[in-house]
Amino acid sequence: MLNKLKIGIRTKITLGYIVIILCLLVSGIILNNQITFLQKERNYIITNDTKTLELTNRIERNILDMESSQRGFIITGESSYLKPYNKASENWEYAYDELYRVLENKPTQQQKLVEIKTAMEHWITTSGEPSIKLKKENNTEALKEIYKVDVGRKDMDAVRDQFESLRSVIYANMQAQVNDLDKRNSIVTLTLLGILVFISVIAIFIANGISRSIVNMLTKVTQTIQEIAASKSRKKGRIHVKTNDEINALVAATNELLDVLERREWLQVNIAEIVTKHQGISAVTKLAETFLSELAQKTQSSLGAFYVRETNDNNVLFVKKAAFAEAGDDVGIESFKFGEGLIGQCALEKKVLMYNDIPEDFRLIATGLGVVSPKSIFIVPIIFENDVIAIVELATMTSFSELQQELVKQVIETFGLTVNSVLGRMEIVRLLNESRAMTEELQMQSEELQAQSEELQMQTEELTMINEQLEERTKEAELKSRELEQAKKELEESAEQLLLNSKYKSEFLANMSHELRTPLNSILILSEMLAENSQHKLLEEEAEFAKVIHSSGEDLLVLINDILDLSKVEAGKLDISFDEMNMSEVPVQIEQIFAPVAAKKNLQFHISKDKNVADVFYTDENRFQQILKNLLSNAFKFTEHGAVNLKIKQLGQEHLTSNMQNVSADWLEIKVSDTGIGIPKDKHQLIFESFQQADGATVRKYGGTGLGLSICKELSRLLGGWISLQSEEGQGSTFTLTIPSLPNGIEEQKYFELAVHEVVATNEVRELEELTEEQPSEIQEFSQHEVEIFQGKNILIVDDDYRNIYALKNALEKRGMNILVAKDGIECLDILQTNDEIDLILMDIMMPNLDGYETMSIIRKQMKITDLPIIALTAKAMKTDRDKSIEAGASDYISKPLNLEQLVSVLRVWLVSKGS
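Numbering (numbering that gives the first Met the number 0), first residue to last: 0 to 915.
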């Protein structure tokens with residue numbers, strides 16, 4: 000039981016320490032009891048004897064007080080001396096009773112205390128009380144008689160002697176107790192020394208036992224290892240110990256190390272013998288036989304076969320080259336393919352295969368007494384440069400030990416190189432023989448080649464002539480290539496020239512729009528004033544003429560805006576701002592605009608929006624509305640009878656191509672269909688070009704410039720989509736706008752090119768106002784509030800065109816404003832320096848000498864006039880004009896031609912703001 004229990008060295012040392020600690024604890028408890036007893040005794044002596052002495056002294060002090068007080072009263076007769084006497088006579092008896100209780104267990108001392116009490120009482124009755132009484136009675140003679148006898152002195156002397164005797168007894172008793180405590184203290188000290196000696200002896204004994212056990216075991220292990228080392232591994236002994244601790248583990252590890260060294264030595268010796276046997280062999284069959292025989296003997300195998308890899312007509316086979324212990328039938332199959340049988344599987348997986356559960360019908364092993372079934376099969380691949388070049392199969396009647404398996408694996412690791420070298424030598428010999436035969440054949444063929452050489456010489460001359468012809472053609476090709484390069488350069492120059500022309504055209508259109516807007520501004524303002532006929536000076540016919548002039552001016556403005564939009568698109572300067580758009584509001588807005596048009600032309604107008612259309616769509620709302628209005632205006636214009644339909648739908652994922660999905664997951668399809676005149680198929684492409692319509696008759700009948708659809712097409716492209724057309728002449732038209740939702744804008748999509756076919760569209764459209772707006776004929780009157788705002792305000796008009804000045808001056812003076820005029824920027828600055836009552840400035844931009852930008856900058860920065868409103872007026876409506884005006888110092892911006900209501904509204908805002 001104890002031998003099986005594993006007690007380690009650490010455990011043994013720990014147990015030793017535990018025994019020592021337990022001894023210390025026991026000795027500590029004993030010593031603590033002794034010390035506690037001594038402390039109690041000491042405390043008793045201190046408290047009891049001290050109290051005894053204290054009470055003794057108190058009694059003695061009370062007696063002395065009584066004696067001295069009595070004598071003082073006798074001598075002086077003062078009654079004050081009797082107070083200490085009376086107090087002491089009361090206290091000494093209390094002290095006596097307490098001292099008697101303290102000396103309860105000490106009869107000798109109690110006896111002496113009784114004697115003291117007797118003497119004291121005798122003094123009180125014979126001397127103290129009688130003398131005081133006589134003194135009070137003033138009986139001097141009797142007092143003298145008492146003091147002549149002086150019995151009281153004898154009593155007091157006796158009391159003092161008895162107190163000395165009592166103290167001597169108390170001190171003697173105290174000394175006896177102290178001596179007893181000293182003896183006990185000495186005993187405790189000796190006991191402590193004895194315990195320490197005992198514990199030391201036990202500790203030394205335990206340490207000696209444990210160390211001797213460890214040293215003996217280590218010495219035995221060391222001697223055994225030295226003996227094995229001295230015998231050069233010939234001694235096969237092992238170390239044996241009886242302890243069950245770390246020494247036992249060390250011995251087990253040492254024995255295991257010896258076993259490993261023994262197995263390693265056995266492997267090295269057998270590997271060396273096998274390698275030595277097959278050295279110098281140059282035939283693979285002999286090599287296989289020798290190797291298989293040695294390996295079978297070392298592993299105690301009963302059967303064996305050796306297969307070598309061969310390639311015939313691109314077929315790889317493993318062919319048997321040697322066998323071990325053949326009897327009757329040949330051992331093993333003659334050849335295997337990759338993956339065929341266990342041999343083929345071993346070659347395919349390049350892994351060692353071990354099988355122990357062999358079926359009974361497996362090949363039997365022949366012996367002198369009969370045949371026996373094998374118990375284990377071991378198949379090992381021989382690998383060279385990661386290719387299996389041979390396979391060894393072994394079988395045994397018992398089983399292969401791990402050591403035998405390790406032997407086979409280590410031998411195989413280097414044997415692949417040997418097999419490969421033998422196969423290489425055999426291949427070299429074969430090739431040498433083949434080369435000799437081929438040399439003879441080559442000698443015969445050389446003669447045939449000689450004859451062919453002469454024929455080749457003739458063919459070479461013919462090829463030389465062909466080569467010269469090819470060189471001439473190459474030169475011609477190079478000449479054409481240079482001509483093509485020159486044409487390419489000319490095309491690039493033409494492209495640059497086209498870009499420059501486009502730039503010049505855009506600039507020209509911008510300047511022309513300014514030149515056209517300037518006189519048009521005067522026409523619109525004056526014609527609007529005449530049409531209002533506020534003073535009723537014009538005939539109705541003349542007022543109608545003014546309305547026609549104003550309407551024609553607005554048509555001209557629409558045409559100018561179309562041309563300017565087209566130039567911006569072509570120049571790539573048109574602003575596209577992608578933002579949220581509420582699709583639920585689109586049908587309502589469109590119906591409000593076009594329902595009056597449909598009613599006027601007696602046409603049906605239907606708007607439908609699918610339920611799955613998202614409420615929020617990301618695009619440029621203004622450009623989207625512009626396209627939609629153009630398409631609907633076209634539909635109403637070219638439809639005399641029937642209906643115009645608008646349908647908005649969300650494209651499903653099944654209708655989106657991969658390119659469309661890469662751009663956006665949300666696409667809208669807006670269809671505008673009508674039952675109008677239709678468009679011939681050969682005109683479908685033409686109508687989307689600038690200034691083009693289907694034919695001249697259309698222009699004469701319906702009017703228009705041919706810009707609307709061209710602008711729609713370009714705007715749809717800038718929005719990331721396209722417009723397609725389905726139409727036949729006389730059967731109406733359907734324009735389809737397809738656009739994506741782009742929260743991040745078209746720039747992030749890098750203007751992708753979708754594989755779509757853009758079919759032609761219908762004729763261009765006129766602006767919606769031509770069909771929807773009808774000028775009111777009634778005369779407008781100015782409100783009282785407006786008169787109060789404008790009355791007496793000083794307005795400075797800065798413009799170099801007398802027509803604009805005349806029109807603005809008349810329009811503003813009618814509203815009660817005072818007008819000052821400056822022909823350029825310099826004159827404007829002069830007026831401001833001399834007149835500080837200007838309320839607002841209308842500043843034209845393009846002026847001679849000093850233009851509007853420079854004038855506003857001087858007013859704001861040099862003249863430090865920051866609170867004066869300045870309204871910039873310009874006919875050049877490029878996209879940067881507003882930003883440049885605001886940056887130069889303008890408070891607001893209006894483009895020409897001016898809308899009078901817009902101008903009045905802006906003036907009202909800034910004059911009220913300045914007044915507040």
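No residue lacks a Cβ here, since even glycine has one placed at the ideal position from N, Cα and C.
Buried or exposed (CB count within 10 angstroms, at least 16 for buried), residue 84
Around the beta-carbon of residue 84, 16 or more other beta-carbon atoms lie within 10 Å, marking it buried.
Residues in the same chain with beta-carbon distance under 6 Å from residue 545, minus the five sequence neighbours each way, listed in chain order, please.
Closer than 6 Å at Cβ, skipping near neighbours: 526, 529 and 530.
Excluding sequence positions up to five away, which residues of its chain have a Cβ less than 8 Å from the Cβ of residue 16?
The answer is none, since no qualifying residue turns up.
DSSP-derived helix/strand/coil call for residue 739:
DSSP, read as helix, strand or coil, puts residue 739 in strand.
Jot down the residue ranges of each uninterrupted beta strand (DSSP E) in the segment 376-419, minimum 3 residues, whole runs only, in chain order.
Listed in chain order, they are 386-395.
Is the Cβ-Cβ distance between residue 715 and residue 738 less than 8 Å?
Yes, the pair counts as a contact, with Cβ atoms nearer than the cut-off.
Cutting at 7 Å between CB atoms, please list the residues of its own chain near residue 811, excluding the five before and the five after it.
Same-chain partners within the cutoff: 794 and 818.
How close, in whole Å, do the beta carbons of residue 304 and residue 285 come, if the pair is a contact with beta carbons under 8 Å?
Separation of the CB atoms of residue 304 and residue 285 is rounded to 16 Å, and the pair is thereby denied contact status at 8 Å.
Coil, strand or helix - residue 351 by DSSP
Three-state result, residue 351: coil.
Would you mind working out which of 131, 93 and 115 sits nearest residue 76, comparing C-alpha positions?
Among 131, 93 and 115, the Cα nearest to that of residue 76 belongs to 131.
Between residue 338 and residue 347, which are expected to be in contact by the criterion C-beta below 8 Å, what is the C-beta distance as a whole number of angstroms?
Yes, residue 338 and residue 347 are in contact; Cβ-Cβ is about 5 Å, under 8 Å.
Have a look at residue 11 and residue 20 and give me their C-alpha separation to the nearest angstrom.
Distance between the alpha carbons of residue 11 and residue 20 is about 14 Å.
Which stretch, first to last residue, makes up the alpha helix (DSSP H) that contains residue 303?
Element bounds for residue 303: not the alpha helix (DSSP H) but the beta strand (DSSP E), 302-311.
Going by other Cβ atoms of all chains shown within 10 Å of its Cβ, with 16 needed for buried, is residue 747 buried or exposed?
Caution is warranted here: a pLDDT of 42 is assigned to residue 747, below 50, making its placement in the model unreliable, and no coordinate value can be reported.
In or out: residue 279 buried (at least 16 other Cβ within 10 Å) or exposed?
Exposed, since its Cβ has fewer than 16 Cβ neighbours within 10 Å.
For residue 816, three-class secondary structure by DSSP
Three-state DSSP puts residue 816 in coil, outside helix and strand.
Residue 554 vs residue 582 beta-carbon contact at 8 Å:
The answer is no: Cβ separation not under 8 Å.
Where in the segment 782-852 do unbroken runs of the beta strand (DSSP E), each at least 3 residues long, occur, reported from the N-terminal end onward?
Positions of the beta strand (DSSP E) runs, each at least 3 residues long and wholly inside the segment 782-852, are given as 793-797, 817-821 and 839-843 in order along the chain.
Among residues of its own chain, excluding the 5 on either side of residue 806, which ones have a beta-carbon nearer than 6 Å to its beta-carbon?
Taken in chain order, the residues that qualify are 521, 524 and 525.
Would you call the CB atoms of residue 334 and residue 352 closer than 8 Å?
No. Outside cutoff.
Using the three-state DSSP reduction, which class does residue 356 fall into: helix, strand or coil?
Coil at residue 356, not helix or strand.
Have a look at residue 673 and residue 600 and give me their C-alpha separation to the nearest angstrom.
A direct Cα-to-Cα measurement between residue 673 and residue 600 gives close to 13 Å.
With a cut-off of 8 Å, do at least 3 Cβ pairs link the segment 413-423 to the segment 388-404?
Contact holds between the segment 413-423 and the segment 388-404, because three or more Cβ pairs, one in each stretch, are under 8 Å apart.
Beta-carbon contacts of residue 619 that lie in its chain and below 7 Å, excluding the five residues immediately before and after
If we look at residue 619 and ignore the five residues flanking it on each side, its Cβ neighbours are 575, 576, 577 and 718.
From the DSSP output, in three-state form, read off residue 424 for me.
Of the three classes helix, strand and coil, the one that applies to residue 424 here is helix, per DSSP.
In the DSSP assignment, the beta strand (DSSP E) including residue 642 goes from what residue to what residue?
Unbroken beta strand (DSSP E) run through residue 642: 642-649.
6 Å CB neighbourhood of residue 0 in its chain, flanking five on each side removed:
Because the pLDDT of residue 0 is 43, which lies under 50, any placement of that residue in the model is unreliable, and the number read from its coordinates should be weighed accordingly. Here the set comprises nothing.
According to the Cβ coordinates, are residue 98 and residue 63 closer than 8 Å?
In terms of Cβ geometry, residue 98 and residue 63 do not form a close pair [threshold 8 Å].
Looking at C-alpha atoms only, which residue of 267, 675 and 165 is the closest neighbour of residue 297?
When only C-alpha atoms are compared, the closest one is 267.
To the nearest angstrom, report how far apart residue 712 and residue 721 are at their CA atoms.
Computed Cα separation, rounded: 7 Å.
Using the Cβ count rule (16 or more neighbours within 10 Å means buried), how would you classify residue 821?
With 16 or more Cβ atoms within 10 Å of its Cβ, residue 821 is classed as buried.
Beta-carbon proximity list for residue 276, same chain, < 7 Å, skipping 5 on both sides:
Apart from the 5 residues on each side of it in sequence, residue 276 sits with its Cβ closer than 7 Å to the Cβ of 289 and 293 in its chain, given in chain order.
Tell me, please, which residues DSSP counts as bridged to residue 581.
Note: residue 581 sits in a beta bridge opposite 615.
Opening and closing residue of the alpha helix (DSSP H) in which residue 67 lies:
Going by DSSP, residue 67 is part of the alpha helix (DSSP H) stretching over 49-75.
Tell me which residues share the same chain as residue 742 and place their Cβ nearer than 6 Å to its Cβ, disregarding the 5 neighbours each side in the sequence.
In the same chain as residue 742, and ignoring 5 residues on each side of it, the C-beta atoms closer than 6 Å to its own belong to 617, in chain order.
If the criterion is Cβ atoms closer than 8 Å, does the pair residue 623 and residue 580 meet it?
Yes, Cβ-Cβ distance for residue 623 and residue 580 is below 8 Å.
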